[in-house]
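Number of protein chains: 2
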Amino acid sequence: MPRKADPSIRVALTETAARLLAEEGPAALSTRRLAREVGTSTTAVYTHFGGKEDLVRAMCVEGFDRLARRMARVRPTDDPVADLAQLGRAYRRNALANPHLYAVMFGGRTLPDYAPTNEDRAYGLPTLAHLADTTGRCVEANRFRPAPPFEIAVQLWAAVHGLVSLELDGFFPVRADADRHARRLMLALVIGLGDDPSQAAASVGRAG
Amino acid sequence: MPRKADPSIRVALTETAARLLAEEGPAALSTRRLAREVGTSTTAVYTHFGGKEDLVRAMCVEGFDRLARRMARVRPTDDPVADLAQLGRAYRRNALANPHLYAVMFGGRTLPDYAPTNEDRAYGLPTLAHLADTTGRCVEANRFRPAPPFEIAVQLWAAVHGLVSLELDGFFPVRADADRHARRLMLALVIGLGDDPSQAAASVGRAG
DNA sequence: CTCTTTCCGTAACGGTGTTCTAGAACAATT
DNA sequence: AATTGTTCTAGAACACCGTTACGGAAAGAG
Chain Y
1 MPRKADPSIR VALTETAARL LAEEGPAALS TRRLAREVGT STTAVYTHFG
51 GKEDLVRAMC VEGFDRLARR MARVRPTDDP VADLAQLGRA YRRNALANPH
101 LYAVMFGGRT LPDYAPTNED RAYGLPTLAH LADTTGRCVE ANRFRPAPPF
151 EIAVQLWAAV HGLVSLELDG FFPVRADADR HARRLMLALV IGLGDDPSQA
201 AASVGRAG
Chain U
1 MPRKADPSIR VALTETAARL LAEEGPAALS TRRLAREVGT STTAVYTHFG
51 GKEDLVRAMC VEGFDRLARR MARVRPTDDP VADLAQLGRA YRRNALANPH
101 LYAVMFGGRT LPDYAPTNED RAYGLPTLAH LADTTGRCVE ANRFRPAPPF
151 EIAVQLWAAV HGLVSLELDG FFPVRADADR HARRLMLALV IGLGDDPSQA
201 AASVGRAG
């Protein structure tokens, strides 16, 4: 006998929340502002989500989806190290295209003490698995020294994440500098993971 | 003829702010709570700082000071790559010892839309210069391929920062895993930067 | 049609950062 | 020593925040 919740309101909330975040930053994402923008009341946020925390959680999911979509677009070639470099570029491009979303995913912004749940982290895991597939191919092709692919993937992820985080924090205001840093970091890593320097340079390519 | 501001209040504010941040996290750092704790009124925050934003800025300075002190404690030896590994360890240990401070410095927590000023970034620069000194010694000793020392320092900083950030976000709940990731990342990087693998392994050592 | 259950708009509560307004405290001058 | 001038500070107020209690409205089940 219950009354079903209008699902259109939920999608309106999430879409508007993502827009507010993208256009005006984390400070603009308040329950009141969001409700006003959608044309409903703050109570709707509590029926469709559990509260602001779960709304932010939904934003994280949105962010991971966009990241996954972008990384899925790089198709495997017969040069796994080049694929790795492409994945790194896709990761960075996604972060630069959705900076506020990325900040919510990792920076813990928008909520003073927000920590991702194990569930949230598990949601981002497929993306890391995609990365691990590629590092595994690097090992199989004898481009990388033998090592657990997932471990290598974590190292690459951490490094690129660090560079992107600093870039989003404004530490590399000149885009060309950031590009160069990204390229050299990736290059040093793949060489350090075992790749032949000349082959590595060719695979990593020129862009950031 | 003015009335001098009591400097004891300012240090009480900063010290109490740092304590609140360390003990209860960013949510506890409010002007009212801080004033109550110090035994003054919220107005004091506005005379001794410009507002909450500048208070947070002071917390960043405190965080960079602690980082600089910890990194200054590693003394140069005749193995610059080992020194580099020690600096990385010091960086990580400082972050793990002052997680909330580190989050304020880089995570942009405690203020929904807080971005470090160029001035703030300049404040952290000496620390990076210390790192660049060491990378320069690595190049001079022919342990690293020739490259601008500052550029190499940025790459190392970004990588370690990324790993530490993920660790603070709870992505490596098992400490031993995080230690291993840190060690392998550092190892892969110094090898990729040009070091001989066997020498690198000896210099990087075992701990994270 | 009735009933029951759920959603949602209004209003409230306690909290936040900030600003205004007085008064108090201090340094310099007379 | 008294006065002046400036600055600090306490308290109240403002606008906003996340959240919750309370009704009325809406919709499915019988």
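Protein sequence lines correspond, in order, to chains Y and U.
Read the first sequence against the numbering used here and you will find it ends at 208, with the numbers running on by one and no gaps.
Read the second sequence against the numbering used here and you will find it ends at 208, with the numbers running on by one and no gaps.
Glycine included, C-beta positions come from ideal geometry on N, C-alpha and C.
Below 8 Å CB to CB, which residues in the same chain sit around residue i once its five sequence neighbours on both sides are set aside?
i: U/P197; result: I191
i: U/N98; result: A22, G63 and R66
i: U/T77; result: D83
i: Y/R206; result: R183
i: Y/A28; result: L20 and L21
i: U/G25; result: H100
i: Y/N94; result: R66, L67, R70, M71 and Y102
i: U/G208; result: R89, R92, A178, D179, R180, H181, A182 and R183
i: Y/S165; result: F106 and G107
i: U/R33; result: L20
Establish whether the CB of residue i and some CB of chain U are separated by less than 8 Å.
i: Y/S8; result: no
i: Y/A68; result: no
i: Y/L193; result: yes
i: Y/A85; result: no
i: Y/R121; result: yes
i: Y/L163; result: yes
i: Y/A207; result: no
i: Y/A103; result: yes
i: Y/A159; result: yes
Return the chain-ordered list of same chain residues with a C-beta closer than 7 Å to the C-beta of residue i, the five sequence neighbours on each side being excluded.
i: Y/A200; result: V81, L187, V190 and I191
i: U/L128; result: A153 and W157
i: U/T40; result: I9
i: Y/P209; result: Residue 209 of chain Y lies beyond the range of chain Y shown here (1 to 208); nothing can be said about it.
i: Y/A141; result: P80
i: Y/T31; result: T42, V45 and K52
i: Y/L193; result: F144, R145 and I152
i: U/T110; result: P26, L29, V56 and V104
Any beta-carbon of chain Y closer than 8 Å to the one on residue i?
i: U/G170; result: yes
i: U/L96; result: no
i: U/L166; result: yes
i: U/R19; result: no
i: U/G51; result: no
i: U/A90; result: no
Identify, in the order they occur along the chain, each residue of the same chain with its Cβ nearer than 6 Å to the Cβ of residue i, setting aside the five sequence neighbours on each side.
i: U/A12; result: V38
i: U/L84; result: T134
i: U/T14; result: A58
i: Y/V74; result: Q86, L87 and A90
Between the segment 129-156 of chain U and chain Y, which residues of the former have a C-beta closer than 7 Å to a C-beta of the latter? E151, V154 and Q155
Which residues, in order along the segment 21-34 of chain Y, keep a beta-carbon less than 7 Å from a beta-carbon of chain U? G25, P26 and A27
Please name the residues in the segment 178-191 of chain U whose beta-carbon is closer than 8 Å to at least one beta-carbon of chain Y, in chain order. R180, H181, R184, L185, L187, A188, L189, V190 and I191
Please list the residues of the segment 105-116 of chain U that have a C-beta atom closer than 7 Å to any C-beta atom in chain Y, keeping them in chain order. F106, G107, G108, R109, T110, P112, D113, A115 and P116
Meets three-Cβ-pair contact criterion under 8 Å: the segment 2-22 of chain Y and the segment 40-51 of chain Y: yes
Inter-stretch contact at 8 Å, needing at least 3 Cβ pairs: the segment 122-136 of chain Y / the segment 160-173 of chain Y: no
Are there three or more Cβ pairs, one per stretch, closer than 8 Å when the segment 19-29 of chain U is compared with the segment 102-121 of chain U? yes
Could you say if the segment 144-157 of chain Y and the segment 136-153 of chain U meet the contact criterion of at least three C-beta pairs nearer than 8 Å? no
Quick test of the definition: if touching needs 3 or more C-beta pairs under 8 Å, does the segment 146-163 of chain U touch the segment 51-58 of chain U? no
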